[in-house]
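Read the structure below first, then the notes.
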Amino acid sequence: MTAALAAWTRRRWLAALVAAAATTVLMGVPTALIPTPVFGREVPPTAWAWPVLLATSVLSGLLLATYVREPGQAEPATTASRSGTIGGLLSFLAVGCPVCNKLALLALGYSGALQWFAPVQPFLAAVGVVLLAGALRQRLRGQLACPVPA
């Protein structure tokens, strides 16, 4: 994997940086980890929320950068994986306020969201980060594979 990252051009690294920053903002603002007057939290963030958000942002940025086509490069293989999308969604649910999640609130009620959904959030975070890392690993391994002629 490091060989694939070492072969990246400045264009891909810039795309990774922009995508990571955008992921941080797009996940941090609605979950109220980044304070704004628009969104608020009923329950304060957990100690692991920021590390999960940052890990998700870095992995998402690198993963999205694997889809950037380099000039003069052949058409990339379309081996898109859903695990990156699912991992990002799980991470988003994990760092959010348990009672601000409308689905959890409707299904479980306020006390149910605190009693049942909040304890599950660290597991959602772990699965989300693992899925993102797996998707990134798969994409990077594909960059080093030699194409087989048809």
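Position 22 (the sequence shown) corresponds to 22 in the UniProt record's numbering; numbering is contiguous.
For glycine and all other residues, C-beta sits at the position ideal for the given N, C-alpha and C.
This one's a predicted model, so the numbers in the text were calculated from it and none came from an experiment.
- Inclusion of Leu33 and Pro45 in the CB contact set at 8 angstroms is warranted, their separation being smaller than that value.
- By the beta-carbon neighbour count (other beta carbons within 10 angstroms, threshold 16), Gly84 is buried.
- Assigned with DSSP and collapsed to three states, Phe39 falls in coil, not helix or strand.
- About 21 angstroms separates the CB atoms of Leu90 and Ala16; that is not less than 8 angstroms, and the two are not in contact.
- In this structure, DSSP gives Tyr110 a helical state, which the three-state scheme calls helix.
- Exposure of Gly109 is indicated by the presence of fewer than 16 other C-beta atoms within 10 angstroms of its C-beta.
- DSSP, read as helix, strand or coil, puts Ser83 in helix.
- With a 10 Å radius around the Cβ and a threshold of 16 neighbouring Cβ atoms, Gln121 comes out buried.
- Straight through space, the alpha carbons of Val18 and Arg11 are spaced by roughly 11 angstroms.
- Contact between the segment 87-105 and the segment 122-140 is present: 3 or more CB-CB pairs across the two stretches fall below 8 angstroms.
- Inclusion of Leu53 and Gly28 in the CB contact set at 8 angstroms is warranted, their separation being smaller than that value.
- If you compare the alpha carbons of Ala104, Cys97 and Ala133 with that of Val43, the shortest gap goes to Cys97.
- Judged by DSSP in its simplified three-state form, Leu33 adopts coil rather than helix or strand.
- Setting aside the 5 residues that flank it on each side, Trp116 is surrounded in the same chain by Leu108, each with a C-beta closer than 7 angstroms to its C-beta; the list follows chain order.
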